[in-house]
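A.B. asks:
Number of protein chains: 8
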Amino acid sequence: QRRGIPEAILAEGKTPAQVVALAETALETTDRALLTRLSDEQFAALEEAIPETVPDATFDRWSSSLLIRTPDYERPSLEATVGLVTAGTVDQPVADEAEAVCVDAGATVDRVDDIGVAALDRTLDQVDRLREADMLIVAAGREGALPTVIAGLVDTPVIGVPVSSGYGYGGDGEAALSGMLQSCTVMSVVNIDAGFVAGAQATLIARTIDAARADGSGDGK
Amino acid sequence: QRRGIPEAILAEGKTPAQVVALAETALETTDRALLTRLSDEQFAALEEAIPETVPDATFDRWSSSLLIRTPDYERPSLEATVGLVTAGTVDQPVADEAEAVCVDAGATVDRVDDIGVAALDRTLDQVDRLREADMLIVAAGREGALPTVIAGLVDTPVIGVPVSSGYGYGGDGEAALSGMLQSCTVMSVVNIDAGFVAGAQATLIARTIDAARADGSGDGK
Amino acid sequence: QRRGIPEAILAEGKTPAQVVALAETALETTDRALLTRLSDEQFAALEEAIPETVPDATFDRWSSSLLIRTPDYERPSLEATVGLVTAGTVDQPVADEAEAVCVDAGATVDRVDDIGVAALDRTLDQVDRLREADMLIVAAGREGALPTVIAGLVDTPVIGVPVSSGYGYGGDGEAALSGMLQSCTVMSVVNIDAGFVAGAQATLIARTIDAARADGSGDGK
Amino acid sequence: QRRGIPEAILAEGKTPAQVVALAETALETTDRALLTRLSDEQFAALEEAIPETVPDATFDRWSSSLLIRTPDYERPSLEATVGLVTAGTVDQPVADEAEAVCVDAGATVDRVDDIGVAALDRTLDQVDRLREADMLIVAAGREGALPTVIAGLVDTPVIGVPVSSGYGYGGDGEAALSGMLQSCTVMSVVNIDAGFVAGAQATLIARTIDAARADGSGDGK
Amino acid sequence: QRRGIPEAILAEGKTPAQVVALAETALETTDRALLTRLSDEQFAALEEAIPETVPDATFDRWSSSLLIRTPDYERPSLEATVGLVTAGTVDQPVADEAEAVCVDAGATVDRVDDIGVAALDRTLDQVDRLREADMLIVAAGREGALPTVIAGLVDTPVIGVPVSSGYGYGGDGEAALSGMLQSCTVMSVVNIDAGFVAGAQATLIARTIDAARADGSGDGK
Amino acid sequence: QRRGIPEAILAEGKTPAQVVALAETALETTDRALLTRLSDEQFAALEEAIPETVPDATFDRWSSSLLIRTPDYERPSLEATVGLVTAGTVDQPVADEAEAVCVDAGATVDRVDDIGVAALDRTLDQVDRLREADMLIVAAGREGALPTVIAGLVDTPVIGVPVSSGYGYGGDGEAALSGMLQSCTVMSVVNIDAGFVAGAQATLIARTIDAARADGSGDGK
Amino acid sequence: QRRGIPEAILAEGKTPAQVVALAETALETTDRALLTRLSDEQFAALEEAIPETVPDATFDRWSSSLLIRTPDYERPSLEATVGLVTAGTVDQPVADEAEAVCVDAGATVDRVDDIGVAALDRTLDQVDRLREADMLIVAAGREGALPTVIAGLVDTPVIGVPVSSGYGYGGDGEAALSGMLQSCTVMSVVNIDAGFVAGAQATLIARTIDAARADGSGDGK
Amino acid sequence: QRRGIPEAILAEGKTPAQVVALAETALETTDRALLTRLSDEQFAALEEAIPETVPDATFDRWSSSLLIRTPDYERPSLEATVGLVTAGTVDQPVADEAEAVCVDAGATVDRVDDIGVAALDRTLDQVDRLREADMLIVAAGREGALPTVIAGLVDTPVIGVPVSSGYGYGGDGEAALSGMLQSCTVMSVVNIDAGFVAGAQATLIARTIDAARADGSGDGK
Ligand SMILES: Nc1ncnc2c1ncn2[C@@H]1O[C@H](COP(=O)(O)O)[C@@H](O)[C@H]1O
Ligand SMILES: Nc1ncnc2c1ncn2[C@@H]1O[C@H](COP(=O)(O)O)[C@@H](O)[C@H]1O
Ligand SMILES: Nc1ncnc2c1ncn2[C@@H]1O[C@H](COP(=O)(O)O)[C@@H](O)[C@H]1O
Ligand SMILES: Nc1ncnc2c1ncn2[C@@H]1O[C@H](COP(=O)(O)O)[C@@H](O)[C@H]1O
Ligand SMILES: [Mg+2]
Ligand SMILES: [Mg+2]
Ligand SMILES: [Mg+2]
Ligand SMILES: [Mg+2]
Ligand SMILES: [Mg+2]
Ligand SMILES: [Mg+2]
Ligand SMILES: [Mg+2]
Ligand SMILES: [Mg+2]
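Protein chains in written order, with my numbering: chain L, -11 to 209; chain Y, -11 to 209; chain C, -11 to 209; chain B, -11 to 209; chain W, -11 to 209; chain E, -11 to 209; chain R, -11 to 209; chain H, -11 to 209.
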């Protein structure tokens, strides 16, 4: 495994056969395969092929992301919670990609959907819950204002994920990306639609927190 | 007077002598001169020259905007209120330009400064007051999220003004402009730093409302 | 209902089944559903499904926008007129989206098509009619000069809508958008192809005018 | 002389001494020197140096362009008229550069300033006069709508010159450039602020017309 | 007919039925119809429909451009030659659009294909021929160097047409467009792929030359 | 204090007097003032004014960032280490801004300068040391490859800071920004030159780790 | 043959029939045809047609590039080695295009795939081998860091090829292109996805080296 | 010395004292210092300081580049010639930077200035001379057509250097950069104004050729 980079297979741009082969190798060597940006056709190929080689594999799917495990696989578990927030329905597939990565790494994910600032009451209703998480991933398209607003209300680190859900000027995610980079509150940002990177970065932070909890003096300092 | 365009002298790119001459002509023909984007040098030239030609002229200044009136000038008065909002200190000169135009046109201006979403409590504290205005102008730089948040909380039309107050990617106002154009709430927008245009558009709406109030059936329908 | 944001279902990016479900919920709770950016397939699904749940629903269609109402629905009525102007045939679907929103809100819409500045006589012939409206929405693609020319001829507020109807440099609507933002006359602007936002902003202005007419002193001041 | 390229010295980026030397060489070899984009310092250096080498030289200046001629120089004369139009005061220096080139080439220049579309009556008042010219150069900044409107009203070729006179999005001349390239009427375009190129292209057309007039059958066909 | 704008029907974005209807109206009122950017399907629809309404119509086709004439149509004839040059095979459809417009207007077209600067001998071989034309249209994609080189070799006006034939950075025609705008020789430019505009501008120049020839003193001055 | 946003005064765009006033208020209310993007003139004004109001204030300076504390100020202390890395000398002022924020918040900063990938040996020599930190901030201009390389070698979270230190295409920091967003390893990113934001985000992570250490079971799990 | 430009047929944008005709002409006149950017359909057409005209032709294929030779063709041979490196699987088709050109020219190609910097050990393992080549072509997408890292480790010239393999901001190859242009090590660059140009440039260098080896004094200076 | 990167001190952004110190260290350790992008002030500081520490140092200057050597320095000598070409006067400082690097490395430089394609005769006159060099560096601003034309006429590798010498759209060097990347002939490219990188890349090729000449069989194969 590459150091510090959660291992996943990016299915986009590969043939179904190539995807199946890569998944089979991963299962054979690590009892686990995480795939992202799967087309329906690629998913169908996996659903058909894998049960033949690994009859009792478990399939967990989040939109176009898929986690396959053999019965032998020992899931990691991290004592850390990632709050995973979306502004609108259209941002959910991007968040799903992040969720797959975090769950696979053993972090607890607290998912809160559809609390964009157009309905600010719904946003504010969730603030107490969001404050419980160790860190937040916030995915938002169009003007991408949600991570800015949330980062002003919580004390924990926020990772903004711009989503390419608009149309017209900046609608390919550049309005959201530049807005998050310019945010008057504090956050760090990943590429447009890069749910995988957000989830992986959250995983790295979660591991650090988990290690700190394990190491901790326990003196409640 | 050009139809429907509030008459102002754009000082930028003119010599002090040219600016003085234009102001003198305006005062002579209309008893009034509105100037925008004045440098300190241009302002000093006006302060020296105008009192010689129009001894009892009145000077009203908003940052780099200036309204000069002779005693004969009859100010218009509009039965309409423009709420004028800024996110941060750095947005105030742009809002000042809008204020000069609205005041000159006779609208009531309700100015609320420094309520950017980084301190959301301060934003929310002003919502009831903002709902009182007939329309709002909201100036914001960096990610420009304030008009989006406000437009979700009020029922009146909002005009967003992006401000070139950031640095880095999109910091020249393009992050704020694209964010307002992509807003998940409803607003219309003017060019980056275009306080004049926002004020002029608000003035046109204010005149329509004023006329409607004058025409109105009064039946409280 | 979200404050001040006309409620509509953006069909783009949803499955026909999702669109039907959202329309049914809207009809059930508010006796009305407004849908925009419908594909023909989504439209067909609605035409088939809705009459089963709401047998006597009324369908009004403007290009890819659709307003469905139950017999119980009480239409609002606003004492305000929106002039809705297009430069060319290709701009009409964008204007249709704005028209659907304004009509749904109860405003009177005065639609004037195909008066782009390439045939300036046709533009000038309509000026008196355009002056009658309380405000104007002007949709134009390519170089987007029409709203600039009209805004110089009328005293009422103009909302420019850039349309992505060109090709080559700036043909995706950025020439029209930047031209309207740079306009030497006064207007405010919405995003490229954002007929919905233009209609919604006009609706908010129309409501303000309608309220002013109702409140008015009636003294013809 | 380079074929078909009016010979001018681009002063920008050269030292005063270099500019003087180039002008002296041009005068010595061709009895004439045309300079563009001169700074005041470069102009002063020329005014001091040239009368020493060429005591009776004639100086003609248009803003930052300068034509120097010895008494021996025989001016060309072309039977062709270039209409040279500006939208606003700020566009005049760019038009001056074009004028210098056309006058130097011997074309008649009919200059019409400050008829931008914000005051459309002033534009329309000049149409009959503009129709008299053999071709038009139209310089306009901000949204650059003037050449589009004029090209719809005349039958002669129009060359659009975008000017970098705005601020905000597209204010560096890109709004005007893209608007002219997207124009719904017919024109060709030169680079932003390229008065020299517009004048040179008009000169090439003028030479062709002049030759056609000389060749012509005279049968008034 | 709009003043100075050659009348053509832009087929792109219209249904075959709409295209047929527009062509029939044009034939009925002017005995002529010029169509550009036709798809094969639109072309087939015309080929089927027109002979029914206008049995003896003539069809002339240049790639996706089509000129239909009734037997009654009297073709104009202009005493002026347009040299029409392409750099490579891929630029030919854009030049075809220009050719259709010029031929329809009655100008003589001298077409020279595939003389891009990668094989400079082939370019130079054609220079004498190119010098014979009254003006040149030069279409070139990728880096668009051909019009720059030709404009340095001839004395007549050159209109550059950038073509979107590349890939990678600037391959959508922006490399060619910016290169032509920056040209160190003199030319004017039209939008990317805008063969129609280049042909129309050449037509306007050709009409001016034709009129000059008709008016000319014939003294061979 | 705004929730979760380290409190700093952005000096850029303020007068020396405004900066002094803001610093005095901060010192009065919180015994501490952190200022960023100070000019030399603003710094001199603070050095002169503050000792008069707060005679025994401590000054700590990092390039254009300044931390002023009264003797009463109780510094926080966090059990967390931020590795702070630069690629070249030119990136150091940006890293200094981040360092000021982290030190002010009480985190331990391990600073490693000038280990850009052009001298990869120097980069690799530091890897063991970098692995010791709880998280890394890596500032790099030009092509910004350093955070990508480091993130592939360590297991801890990396925050990339693009620096505007190049020239030519992408030299304003956009090459580095886009490179970090596209990184084939995992990191999150802040705006170009945004040392403050990187330091603030690292501070938020450090607080979470510090809390985890305090809470921890101490069972060394 | 054009001087110094390896002769290839760019299949993209041509019909299968045109591609076959061009290949046949090339085979007839030069006993060889190199084709790039072939679609499967174009490839099938060649596979069917060529054996009929040239029964014993040899086909060598690299992804979408194809080299066809008659038995009479005498292959050139160059005493020079091109190291051809890719960062990831997705970069291989672009490298294949370069390989086809180099092999066709007679250079030795040493191909090393999939050594991107995310797994830096794999990169470093190949450095000794890479140092053996006379020059390197390095193809990389996303952030394009691989050529920067390699160019810092070898003494031979490196040609970077940016690949359009990312998504989001800069994912169309502009992040990789700008990163390579900004590289803190030394390389030259070709257009995004321009494997052909990289291979052709390497071929020109290889010919120069081959000639130098042939000319050389052999004194082992 | 870093492998394969010619060692130079980039003076831009450093104080005169820092530049002097870096030069002194370089002279002390390697008897040589190469500096680029020197301001006049930095140059003056070196001229004053160096003769004190190294009394008999030699100074060679090319515009803003400077090579200082002690008498002990043994210059390398490469059996390879770099042809160094500029299009216009304004491109010379960029070429000077490349020349300094090549001369310092011991290559022979054959410099040919001011042969831009606007005067194609002058370009063609030099072709035979250009063919003598082992490789060419061609610097050109504005539309950057010169390297395209030359690369079509010679068989040796060409490195294009785009120069930021234009104004308006693409005038910052992006027109020239994109034109060279899109070139219909074959070349590789460096960043805008990157004379240093072009010279360094040429140096690496020259070293390879020099080694090949030394190794060569001498059989004149
Ligand atoms: N700050 C401003 N921004 C944009 N337009 C302005 C501004 N101030 C004045 N104007 C407009 O510019 C016109 C005056 O331009 P001028 O004739 O050059 O003084 C006025 O009629 C206004 O429409
Ligand atoms: N203002 C200008 N803009 C663009 N090109 C110009 C301008 N003035 C002169 N030129 C061109 O630049 C060339 C002179 O360049 P130079 O040799 O540097 O003086 C002339 O031959 C013209 O083609
Ligand atoms: N260098 C900086 N870059 C970006 N944001 C900053 C910087 N320094 C301070 N800030 C933020 O800007 C706010 C202060 O802005 P102001 O009220 O204008 O002083 C602080 O709360 C910080 O969040
Ligand atoms: N993949 C490619 N990318 C860029 N240029 C190419 C490519 N393949 C061939 N070429 C060039 O394009 C020319 C062939 O163009 P064509 O005449 O359209 O087949 C050749 O002479 C090559 O210089
Ligand atoms: Mg890592
Ligand atoms: Mg108006
Ligand atoms: Mg609202
Ligand atoms: Mg010429
Ligand atoms: Mg016309
Ligand atoms: Mg926070
Ligand atoms: Mg060559
Ligand atoms: Mg190297």
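Glycine residues also receive a C-beta, built at the ideal position from the N, C-alpha and C atoms. As the structure is a computational prediction, the values presented were derived from the model and not from experiment.
In the DSSP output, which residue or residues are listed as bridge partners for A64(H)?
C.D. replies: Translated into positions along the eighth sequence, residue 64(H) becomes position 76. Per the sequence shown, residue 64(H) should be read as Pro rather than Ala. Answer is none; P64(H) lacks a bridge partner.
A.B. asks: For a test of your reading of the model: does the CB of A5(B) fall under 6 Å from any non-hydrogen atom of ligand 2? Yes or no.
C.D. replies: Locating residue 5(B) in the fourth sequence gives position 17, where the first residue counts as 1. Remark: the shortest separation between the CB of A5(B) and any heavy atom of ligand 2 does not fall under 6 Å.
A.B. asks: Measure how close the beta-carbons of V142(L) and L124(L) come, nearest whole angstrom, since I'm counting them as under 8 Å.
C.D. replies: Within the first sequence, numbered from 1, the residue matching residue 142(L) stands at position 154. Within the first sequence, numbered from 1, the residue matching residue 124(L) stands at position 136. V142(L) to L124(L), Cβ: 7 Å. Contact.
A.B. asks: Please state if the CB of A21(E) and the CB of A11(E) are separated by a distance shorter than 7 Å.
C.D. replies: On the sixth sequence, residue 11(E) is found 23 positions in, with the first residue counted as 1. On the sixth sequence, residue 21(E) is found 33 positions in, with the first residue counted as 1. A contact, by the Cβ cut-off of 7 Å.
A.B. asks: Measure the C-alpha to C-alpha separation of R63(B) and A93(B) and round it to an integer number of angstroms.
C.D. replies: Residue numbering aside, residue 63(B) sits at position 75 when the fourth sequence is read from its first letter. Residue numbering aside, residue 93(B) sits at position 105 when the fourth sequence is read from its first letter. The alpha-carbon atoms of R63(B) and A93(B) are separated by roughly 8 Å.
A.B. asks: Considering just the uninterrupted stretch of the beta strand (DSSP E) at G71(W), what are its terminal residues?
C.D. replies: Stepping through the fifth sequence from its first residue, residue 71(W) is reached at position 83. Its beta strand (DSSP E) spans residues T69 to T74.
A.B. asks: What does DSSP give as the partner residue(s) for D211(Y) in the beta ladder?
C.D. replies: In this structure chain Y extends from -11 to 209, so residue 211(Y) is not present and cannot be described.
A.B. asks: By how many angstroms is the C-alpha of C90(C) removed from the C-alpha of I193(C)?
C.D. replies: On the third sequence, position 205 is the one that residue 193(C) refers to. On the third sequence, position 102 is the one that residue 90(C) refers to. Taking the straight line from one Cα to the other gives about 11 Å.
A.B. asks: Could you give the DSSP three-state label for G183(E): helix, strand or coil?
C.D. replies: In the sixth sequence, residue 183(E) corresponds to position 195, counting from 1. Here G183(E) sits in helix by DSSP.
A.B. asks: Going along chain H, which residues have a C-beta under 7 Å from P145(R)?
C.D. replies: Within the seventh sequence, numbered from 1, the residue matching residue 145(R) stands at position 157. Within chain H, the residues near P145(R) are Q189, L192, I193 and T196.
A.B. asks: Classify V91(L) as helix, strand or coil using the three-state DSSP reduction.
C.D. replies: Position 103 of the first sequence holds residue 91(L). Looking at V91(L) - three-state DSSP - the assignment turns out to be helix.
A.B. asks: By the 10 Å Cβ neighbour count, where 16 or more other Cβ atoms means buried, how is R117(C) classified, buried or exposed?
C.D. replies: Along the third sequence, one-based indexing puts residue 117(C) at 129. The residue in question, R117(C), is exposed, as its Cβ has fewer than 16 Cβ neighbours within 10 Å.
A.B. asks: Under 7 Å between C-beta atoms, does G208(R) make it to chain W?
C.D. replies: Numbered from 1 along the seventh sequence, position 220 holds the residue referred to as residue 208(R). Per-residue confidence for G208(R) stands at a pLDDT of 49, beneath the threshold of 50, marking its modelled position as unreliable; the derived number appears in the next sentence. Output row for G208(R): interface = no.
A.B. asks: Could you have a look at I193(L) and say whether DSSP puts it in helix, strand or coil?
C.D. replies: On the first sequence, position 205 is the one that residue 193(L) refers to. In this structure, I193(L) counts as helix in the three-state DSSP scheme.
A.B. asks: May I have the straight-line CA-CA distance separating T18(Y) from I(-3)(Y), to the nearest angstrom?
C.D. replies: Locating residue 18(Y) in the second sequence gives position 30, counting from the first residue. Locating residue -3(Y) in the second sequence gives position 9, counting from the first residue. Using only the alpha carbons, I get a separation of about 13 Å.
A.B. asks: CA-CA distance, T58(R) and T46(R)?
C.D. replies: Position 70 of the seventh sequence, counted from the first residue, corresponds to residue 58(R). Position 58 of the seventh sequence, counted from the first residue, corresponds to residue 46(R). Going by the C-alpha atoms only, they are around 6 Å apart.
A.B. asks: Report yes or no: is there a C-beta of chain H within less than 7 Å of the C-beta of G140(W)?
C.D. replies: Residue 140(W) sits at position 152 when you count from the first residue of the fifth sequence. So yes, G140(W) belongs to the interface.
A.B. asks: Scan the region 158 to 190 of chain E for residues whose Cβ lies nearer than 7 Å to a Cβ of chain Y and list them as they occur along the chain.
C.D. replies: G161, E162, L165, N179, I180, D181 and A182
A.B. asks: Could you check whether the Cβ of L(-2)(B) sits closer than 6 Å to any heavy atom belonging to ligand 2?
C.D. replies: Along the fourth sequence, read from residue 1 onward, the residue named residue -2(B) stands at position 10. At least one heavy atom of ligand 2 is nearer than 6 Å to the Cβ of L(-2)(B), so yes.
A.B. asks: Flag I(-7)(B) as yes when its Cβ comes closer than 6 Å to any non-hydrogen atom of ligand 2, and as no otherwise.
C.D. replies: Here the question's residue -7(B) lines up with position 5 in the fourth sequence. At least one heavy atom of ligand 2 falls within 6 Å of the beta-carbon of I(-7)(B).
A.B. asks: Rounded to the nearest angstrom, what separates M101(E) and G129(E) at their Cα positions?
C.D. replies: Taking the first residue of the sixth sequence as position 1, residue 101(E) is located at position 113. Taking the first residue of the sixth sequence as position 1, residue 129(E) is located at position 141. According to the sequence shown, residue 101(E) is Asp rather than Met. Their backbone Cα atoms lie some 13 Å apart in a straight line.
A.B. asks: Which one of T173(Y), D122(Y), V137(Y) and V185(Y) has the shortest CA to CA distance from A200(Y)?
C.D. replies: Numbered from 1 along the second sequence, position 212 holds the residue referred to as residue 200(Y). For the residues T173(Y), D122(Y), V137(Y) and V185(Y), the minimum Cα distance to A200(Y) belongs to D122(Y).
A.B. asks: Is V151(C) close to chain W, meaning its C-beta is less than 7 Å from at least one C-beta of that chain?
C.D. replies: Counted from its first residue, the third sequence places residue 151(C) at position 163. So no, V151(C) is outside the interface.
A.B. asks: Alpha carbons only, please: which of T136(B), I147(B), G156(B) and V178(B) is nearest the one belonging to Y155(H)?
C.D. replies: For this step, residue 155(H) is matched to residue 167 along the eighth sequence. The candidate whose alpha carbon is nearest that of Y155(H) is V178(B).
A.B. asks: Between which residues of its own chain and V146(H) is the CB-CB distance below 7 Å, once the five residues before and five after are set aside?
C.D. replies: Position 158 of the eighth sequence, counting from 1, holds the residue named residue 146(H). Taken in chain order, the residues that qualify are L124, V126, P135, I138, A139 and M175.
A.B. asks: Is F184(B) a contact residue of ligand 2, with contact defined as CB to any heavy atom under 6 Å?
C.D. replies: By 1-based counting over the fourth sequence, the position of residue 184(B) is 196. Yes, since a heavy atom of ligand 2 falls inside the 6 Å radius drawn around the Cβ of F184(B).
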